[in-house]
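Undergrad:
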Amino acid sequence: MTWPLRCLVVIALVATALANTARAERAASGQVVDDATGVGLAAATVVIGDAQAETDADGRFVIDTLPLGRLEVIVVAEGYAPYFGSARIGDTLAIRLSADAARPDSEVIEVSGRAPTGPPLRLSTAEIRALPGAGNDALRALQSMPGVARAPFGLGGLALRGTAPRDTNVYLDGIEVPLLYHFGGLASFVPTAAVDEISLQPGGASTRYGRGLGGVAVITSRAGRGDRWRTGGELSLIHAAAVAEGPGPARGSWLLGVRRSYFDAIVAAANLDLSLAPRYLDAQARWQSGDGRWMAIVFASDDKLRLIRDPDDPSAGGIDTSNVKSFSYASRFARLGLRYRAVRGATSFSIVPSVGIDDVNGRANHNDIDKGLHRWMVPVSLRAELATPAAGGTLSLGVDGGLARHGYTLLNTPPPSPADPSPDMPIERGLTRWSGDAGVWLEQSWFAARDRLEIRPGLRADYMGLAEQATIDPRLVAIERLGHGIELEQAIGLYHSPPLVTDLDPIFGDRVMRGSTALQGSAGAKAVVGDATELSATAYYQDLRQLPVDAISNATPISDNGGTESGGLLGISRELVDEQFGSYSYREAIGTGHAYGLELIARRSAGPWTGWLAYTYGRSMRRNPSRGDVLLPYVLDQPHSATAVGAVTLGRWRLGGRFRFTTGNPYTPVAGTTVDADGDVVPIDGPTLSARLPAFWQLDLRADRVWTRPWGTLSLYLDVQNVSNRANAEGVTYDETYTMRSYTRGLPVFPSLGLEYIP
């Protein structure tokens, strides 16, 4: 055998071995047994995603060449109730079927055509549990994804593709969540131990999601163990968490979790030089029936912020609190939901009713003047969806909406309005009202050219109660699969969003405010290299109309971002808390704007090395007709954003790092000063939002040490944010004469040491 021929043989053998290894890495396997006897069930049909297989004589199965991400699992066998669950590549499933005397006939599942393509960005808990810079919090990992604007100080809020944080909708198991992060962005509302997967769609959302201009974040909770009870937990420098899971009443699996921070207790006990300290608490309880058809979940979040130092001490934490006699803040919400899923042949149905309560309460005495806010809402919601094969693809249709009781009371100086441009006295006022939203949607996927072409048109109709407005949103997605793992995707659609109840302050009289509108378009390409690496590029454009803007000049801090009190952060802070607190200013839906950009990401999600490289070029511009026909950058306009995240497994150690770079946010500089009649120095604003802060960059490092035992996994981690202790500029502050300018600095080096037990 000649040398070149030997090389070809060796290359062929290596390629075959790699292909077999890749096929094994992309497989899921398991066993289907009788729940009562534990005996394996032969000839049971197992469907994972679009692939299916039959179990052997011992009830075992293997399905390979699965795509990346979380996939739906359906198992049926003659004389047994169907099973519903989820899996991803590499999983070994233990599925127990319960006998169903009412269903003696075999249920047949046919995979007809293909299921529609899912959201572009999926993150499993295994991928993000040890993500550097996230503080062991799964949902904080979303802030490192492309298209997400960076919030100052790491505060919560998802601003996607140039839209406002209030425009992003977040769902947990089909239930809309009012607040993604606890106060200050220290942690999300649900711990990582209770999360199975997160998917992020920064734009071009399906018609199944409505009443929002921005993207959609979908969180899937994790089912508890069904074999035996195990208890785990986490202990870190800022909080403690506990989770318990196992079989229980109602012949199903349970997962219970609770987490509480103790940063406030540490500050008080250590007599630290701080004025305020936050405290957060969250809890979850999830039950799922053995066959996966029924699921019930309740989750709650509670935040408090209090004044912890002597209010007469003017140097507390560097903040003058001598004129603050009292201060308290509390924000809490809870949701209770029930989900039912059924399948008949290739047709599936799900329904999720839910009920909840939101409550925000803030009180303060500033300069001997009492001010306060109490806002609450009781929402009752319903989401239902039906999917069935049609025309070689899938026809999906559904309804969503609900009824809510809104209410709030205010004690403050009213904002300027047409009736009173210069209010100067605090007024107590309130509002209570019912509001109903309803939406109906349908979406059809068609496949052609041997499944290489997918066309997915959709139509959505909504009625928004607060706006008293009906809308129609047509949307269209086209996907071309070129082979060799290369896909092209184009999307275009119309989106609407309702106003906030606080825009209807009774001080403004009886009025109706219209909702906002966005026309979104995007085009992208994705390539799968091997079996664990993805490369993608997406260009997008959004045309924004009827945005809520202040109709009274100088009513908001946008024009005095360089003041001594604002620190250049009031405009951004207002955007981050707009949905939670409301603006309480006179706004009209007359604003316009646009956003455009390019997102690039290279991601590896399996193997010893995991992580991604992401770069986004994006611009977001706004126009407020009440201030003239001038186009200004959005307060979270960040033209350049780059993120590098990587982690490597070395035996029982896992080491990782994250580097982030973003352009500085815009702010309004002070161009000069004048002196008023009282002799006070008054600043003269320069061009609005014409200056920018210095660029932001930060390096985070993380190390994990893992011990795996039969009773579970013990993980010790050290997560250090801003290891270089870089003093990033987050705002601008002037002295009282406006002759000296300084930067409001961001968070210093912040270590997080924790111990986590995973049962």
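If you're matching positions, the sequence shown starts at -10 in my numbering and goes up one per residue.
Glycine included, C-beta positions come from ideal geometry on N, C-alpha and C.
1) From the DSSP output, read off the bridge partner residues of Val184.
2) Could you tell me if Asn654 is buried or exposed, where buried requires 16 or more neighbouring beta carbons within 10 angstroms of its beta carbon?
3) Taking the runs of the beta strand (DSSP E) that are 3 residues or longer, which of them lie wholly in the segment 48 to 88?
4) Please state if the CB of Asp539 and the CB of Ser511 are separated by a distance shorter than 8 Å.
5) Could you check where the alpha helix (DSSP H) with Gln627 kicks off and where it finishes?
6) Excluding five sequence neighbours on each side, which residues of the same chain lie with their C-beta closer than 7 Å to the C-beta of Asn401?
7) Among residues of its own chain, excluding the 5 on either side of Ala194, which ones have a beta-carbon nearer than 6 Å to its beta-carbon?
8) Looking only at C-alpha atoms, which of Ile227, Arg214 and Ser525 sits nearest to Gly237?
9) Report all residues from its chain with a CB closer than 7 Å to the CB of Ser713; omit the five preceding and five following residues, and keep chain order.
10) Which residue comes first and which comes last in the beta strand (DSSP E) that contains Gln687?
11) Distance check for Phe685 and Val659, CA to CA, integer angstroms please.
12) Could you compute how far the alpha carbon of Asn158 sits from the alpha carbon of Ser133?
13) Under the assumption that Trp283 contacts Tyr329 (Cβ atoms under 8 Å), give the Cβ distance between them as a whole number of angstroms.
14) Might you give, ordered along the chain, the residues of its own chain that have their beta carbon closer than 7 Å to the beta carbon of Glu457, omitting 5 neighbours on each side?
15) Taking all protein chains shown into account, decide if His228 is buried (16 or more other Cβ within 10 angstroms of its Cβ) or exposed.
16) Check whether the Cβ atoms of Pro191 and Leu128 sit closer than 8 Å, and answer yes or no.
17) Please report the straight-line C-alpha distance between Ser339 and Gly74, rounded to a whole angstrom.
18) Between the C-alpha atoms of Ala233 and Ala212, what's the straight-line distance to the nearest angstrom?
19) Could you work out which residue in Ala254, Ala274 and Ala231 is closest to Leu790 when comparing CA atoms only?
20) How is Arg734 classed by DSSP in three states: helix, strand or coil?
21) In whole angstroms, give me the CA-to-CA distance for Leu455 and Tyr170.
22) Who are the near neighbours of Trp696 in its chain, counting only those whose CB is closer than 6 Å to its CB and skipping five residues on each side?
23) Return the first residue and the last residue of the alpha helix (DSSP H) that Leu565 is part of.
24) According to DSSP, is Gly474 part of a helix, a strand, or is it coil?
25) Closer than 8 Å by C-beta to Trp435: which residues in its own chain qualify, once you throw out the five before and the five after it? Chain order, please.
26) Take the Cβ of Arg418 as the centre, count every other Cβ of all protein chains shown within 10 Å, and call the residue buried at 16 or more, exposed below.
27) Could you give the DSSP three-state label for Val538: helix, strand or coil?
28) Given a cut-off of 8 Å on the beta-carbon distance, is the pair Leu625 and Ala138 in contact?
29) Note down the Cα distance separating Tyr269 from Ser177, rounded to an integer number of angstroms.
30) Taking C-beta to C-beta, are Pro628 and Arg608 nearer than 8 Å?
TA: Result, derived from the coordinates:
1) Translated into positions along the sequence shown, residue 184 becomes position 195. Ser210, per the DSSP bridge assignment.
2) Your numbering for residue 654 matches position 665 in the sequence shown. Counting Cβ neighbours within 10 Å, Asn654 comes out buried, since at least 16 surround it.
3) 49 to 52, 60 to 65, 72 to 76 and 81 to 86
4) Along the sequence shown, read from residue 1 onward, the residue named residue 511 stands at position 522. Along the sequence shown, read from residue 1 onward, the residue named residue 539 stands at position 550. No, these two residues do not count as a Cβ contact at 8 Å.
5) Locating residue 627 in the sequence shown gives position 638, where the first residue counts as 1. Gln627 -> no alpha helix (DSSP H), and no H or E assigned at all.
6) Position 412 of the sequence shown, counted from the start, is the residue given in the question as residue 401. Lys360 and Pro415.
7) Walking along the sequence shown from the start, residue 194 turns up at place 205. The beta carbon of Ala194 sits closer than 6 Å to the beta carbons of Val205 from its chain, once the five residues preceding and following it are set aside; these are given in chain order.
8) As a first step, residue 237 must be located in the sequence shown, where it is residue number 248. The shortest Cα separation from Gly237 among Ile227, Arg214 and Ser525 belongs to Arg214.
9) Position 724 of the sequence shown, counted from the start, is the residue given in the question as residue 713. Result list for Ser713: Leu688, in chain order.
10) Indexing the sequence shown from 1 puts residue 687 at position 698. Start and end: Phe685 to Arg698.
11) Residue numbering aside, residue 659 sits at position 670 when the sequence shown is read from its first letter. Residue numbering aside, residue 685 sits at position 696 when the sequence shown is read from its first letter. Rounded to whole angstroms, Val659 to Phe685 spans 22 Å at the Cα level.
12) The count along the sequence shown starts at 1 and reaches residue 158 at position 169. The count along the sequence shown starts at 1 and reaches residue 133 at position 144. Counting only the Cα atoms, Ser133 lies some 18 Å from Asn158.
13) On the sequence shown, position 294 is the one that residue 283 refers to. On the sequence shown, position 340 is the one that residue 329 refers to. Trp283 to Tyr329, Cβ: 6 Å. Contact.
14) The residue labelled residue 457 in the question sits at position 468 within the sequence shown. For Glu457, where only same-chain residues beyond five positions count, the Cβ hits under 7 Å are Val501.
15) By one-based count along the sequence shown, residue 228 stands at place 239. Burial call: buried.
16) Locating residue 191 in the sequence shown gives position 202, counting from the first residue. Locating residue 128 in the sequence shown gives position 139, counting from the first residue. Cβ distance not < 8 Å, so Pro191 and Leu128 don't count as in contact.
17) As a working mapping, residue 339 is identified with position 350 in the sequence shown. As a working mapping, residue 74 is identified with position 85 in the sequence shown. Cα-Cα distance, rounded: 13 Å.
18) As a first step, residue 233 must be located in the sequence shown, where it is residue number 244. As a first step, residue 212 must be located in the sequence shown, where it is residue number 223. Computed Cα separation, rounded: 11 Å.
19) No answer is possible for residue 790: it lies beyond the span of the chain, which begins at -10 and ends at 748.
20) Indexing the sequence shown from 1 puts residue 734 at position 745. Arg734: strand per DSSP, three-state reduction.
21) The sequence position of residue 455 within the sequence shown is 466, counting from 1. The sequence position of residue 170 within the sequence shown is 181, counting from 1. Here the alpha carbon of Leu455 sits roughly 25 Å from the alpha carbon of Tyr170.
22) For the purposes of this step, residue 696 is identified with residue 707 of the sequence shown, where counting begins at 1. These residues qualify, in order along the chain: Leu703.
23) As a position in the sequence shown, residue 565 is number 576, starting the count at 1. Leu559 to Leu565 is the span of the alpha helix (DSSP H), which, as asked, contains Leu565.
24) On the sequence shown, residue 474 is found 485 positions in, with the first residue counted as 1. Here Gly474 sits in coil by DSSP.
25) Here residue 435 refers to the residue found at position 446 of the sequence shown. If we look at Trp435 and ignore the five residues flanking it on each side, its Cβ neighbours are Ala380, Gly381, Gly382, Glu443, Ile444 and Arg445.
26) Taking the first residue of the sequence shown as position 1, residue 418 is located at position 429. Arg418 sits exposed, since fewer than 16 C-beta atoms from the chains shown fall within 10 Å of its C-beta.
27) Mapped onto the sequence shown, residue 538 falls at position 549. DSSP places Val538 in strand when its eight states are reduced to three.
28) In the sequence shown, residue 625 corresponds to position 636, counting from 1. In the sequence shown, residue 138 corresponds to position 149, counting from 1. Judged by their CB atoms, Leu625 and Ala138 are nearer to each other than the 8 Å cut-off.
29) Along the sequence shown, read from residue 1 onward, the residue named residue 269 stands at position 280. Along the sequence shown, read from residue 1 onward, the residue named residue 177 stands at position 188. Tyr269 and Ser177: Cα-Cα distance of roughly 10 Å.
30) The residue given as residue 628 occupies position 639 in the sequence shown. The residue given as residue 608 occupies position 619 in the sequence shown. Yes, the pair counts as a contact, with Cβ atoms nearer than the cut-off.
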